[in-house]
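Peer 1: Following the working numbering, the numbering of the sequence shown begins with 545 at its first residue and continues without gaps.
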Amino acid sequence: MRIGLLGFGVVGRGVYDITAARDDIKVAKVVCLEDISLPDAEVTKDFQSVLADQSIDTIVEAMGGLHPAYEFVRAAIEAGKNVVTSNKALVCTYYDELIPLAEAKGVQFRCAAAVGGGICWLSELERSRRVQKIMQVGGIMNGTCNYILDSMTRLGLGYDEALKQAQALGYAEANPTTDVEGIDTWHKVILSSNIAFGVSLDTAQVPVTGISRITAEDVENFKAHGYVCKLVSTGIAKDGAYSVYVQPTLFENTEPEATIPTNYNLITLVGEHSGRQSFYGQGAGRYPTAYNVVQDCVDLLCGKGFYVPYGEKVSVDNSAKLCYYIRGGSFPADQIAQHWGNAIITKPVSVESVHAWLKENPDAFIAALNGVC
Ligand code: HSE
545 MRIGLLGFGV
555 VGRGVYDITA
565 ARDDIKVAKV
575 VCLEDISLPD
585 AEVTKDFQSV
595 LADQSIDTIV
605 EAMGGLHPAY
615 EFVRAAIEAG
625 KNVVTSNKAL
635 VCTYYDELIP
645 LAEAKGVQFR
655 CAAAVGGGIC
665 WLSELERSRR
675 VQKIMQVGGI
685 MNGTCNYILD
695 SMTRLGLGYD
705 EALKQAQALG
715 YAEANPTTDV
725 EGIDTWHKVI
735 LSSNIAFGVS
745 LDTAQVPVTG
755 ISRITAEDVE
765 NFKAHGYVCK
775 LVSTGIAKDG
785 AYSVYVQPTL
795 FENTEPEATI
805 PTNYNLITLV
815 GEHSGRQSFY
825 GQGAGRYPTA
835 YNVVQDCVDL
845 LCGKGFYVPY
855 GEKVSVDNSA
865 KLCYYIRGGS
875 FPADQIAQHW
885 GNAIITKPVS
895 VESVHAWLKE
905 NPDAFIAALN
915 GVC
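1. Taking 8 Å as the cut-off, is the C-beta of residue 696 nearer than that to any heavy atom in ligand 3?
2. For residue 595, collect the residues of the same chain with a Cβ closer than 7 Å to its Cβ; drop the 5 residues on either side in sequence, then sort them by chain order.
3. List in chain order: all unbroken beta strand (DSSP E) runs of 3+ residues lying wholly within the segment 629–706.
4. Starting from residue 624, follow the alpha helix (DSSP H) in both directions and report where the run begins and ends.
5. If we ignore side chains and look at the alpha-carbon of each, how far apart do residue 856 and residue 743 end up?
6. Residue 599 to residue 625, Cα distance in whole Å?
7. Is the beta carbon of residue 827 closer than 9 Å to that of residue 854?
8. Do you know offhand how far residue 574's Cα is from residue 608's?
9. Considering only residues of the same chain and omitting the five flanking positions on each side of residue 800, which have a CB-CB separation below 8 Å?
10. Going by DSSP, what residue range makes up the alpha helix (DSSP H) through residue 839?
11. Identify the continuous beta strand (DSSP E) that holds residue 729 and give its terminal residues.
12. Any idea what DSSP makes of residue 766, helix, strand or coil?
13. At a cut-off of 8 Å, would you count residue 632 as near ligand 1, judging by its Cβ distance to the nearest heavy atom?
14. Using three-state DSSP, classify residue 618 as helix, strand or coil.
15. Using a 10 Å radius around the Cβ and a threshold of 16 neighbouring Cβ atoms, would you call residue 682 buried or exposed?
16. Can you tell which of 714, 741, 889 and 762 has its C-alpha closest to the C-alpha of residue 806?
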């Protein structure tokens, strides 16, 4: 396999390093806008020269962002090259277009590293749905947010300091807003749900709330009541309806999610035969993520493509009810069940109504209580 590697940042450099010692996979050309030189690969700023190179059969996209990653990946597929990408924003945004295009062109398209960094999540999800119906996917899917929340909970760090550390460790996206506002997790749960349920979700109907408004006082409040806060995604398929959302969630200290440290992820599926299965590992970082990219390359060499039956567009129904911790804003008094210091715990209220309320109360912080309330 001769690879044209697009991007030489956190993930691209990791792919180059991991493949350097292999005989069967060679990074032949690297598209990089900086002036670098590499011992074993040609470095160019010109994507077209990589596209035109008939000896390159596979494009590994590790640029991140939507543009020009989308244009490059689309051109590569149209030119008959296989594509491996870790770019969840790209796959999620252009799912309806890229998956059918790859199928039509007879090329392989794999994106195992797009969700869960180094965890064998999407690859196992795809295997799982060959044999069973999947009812639920989700969990802790963002290493940066888990690092921040874990540092605030265990080490007592402030939000800003914890975010700076996550960035310094290379966990955060180029723009950390994508992580802390939950957009990265949003992309990941949409992609996971599409694959798990064989659908194409109407993404505009999937609500997302991140962690940027959490304070050290909130964390102390959770601790005092025996809870730990995590950013969690949920995708549920039931009776032909799909409930999908991303929000901070409180877990009792003894629940598995509460114990997930630093940049680790814990992603779970519930299947009709397997029951509940959870996948745990480093969800961000150079070598964990590059590891899964290289696994995709090896799968391509073995003739295993990432074949996803393309799903019909479906709408989202978030009328399910949960109890919420809410600090700030003005919540209807008749919906309040308890007070936790300066915050409230609501009676069961629908996911969609709370996310709609938050739009009118943008300074408030919300977190769902996991499980039945
Ligand atoms: N910024 C992402 C995270 C990287 O923190 O999980 C992996 O997708």
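Heads up, the beta-carbon is just placed ideally off N, CA and C, and yes, glycines get one too. Only a predicted model underlies this, so the values are computations on that prediction, with no experimental measurement involved.
Peer 2: In short:
1. Ligands displayed in this structure: ligand 1; ligand 3 is not among them.
2. 619, 620 and 623
3. Under the rule that a run must span 3 or more residues, the beta strand (DSSP E) segments found entirely inside the segment 629–706 read 678–684.
4. Premise fails: residue 624 is in no alpha helix (DSSP H) and is neither H nor E.
5. 5 Å
6. Taking the straight line joining both Cα atoms gives about 10 Å.
7. Not a contact, by the Cβ cut-off of 9 Å.
8. 15 Å
9. 810 and 822
10. 830–845
11. Looking at the DSSP string, residue 729 is not in any beta strand (DSSP E); the run it does join, the alpha helix (DSSP H), is 727–741.
12. helix
13. Yes, the Cβ of residue 632 comes within 8 Å of a heavy atom of ligand 1.
14. helix
15. buried
16. Of the listed residues, the one whose Cα sits closest to residue 806 is 714.
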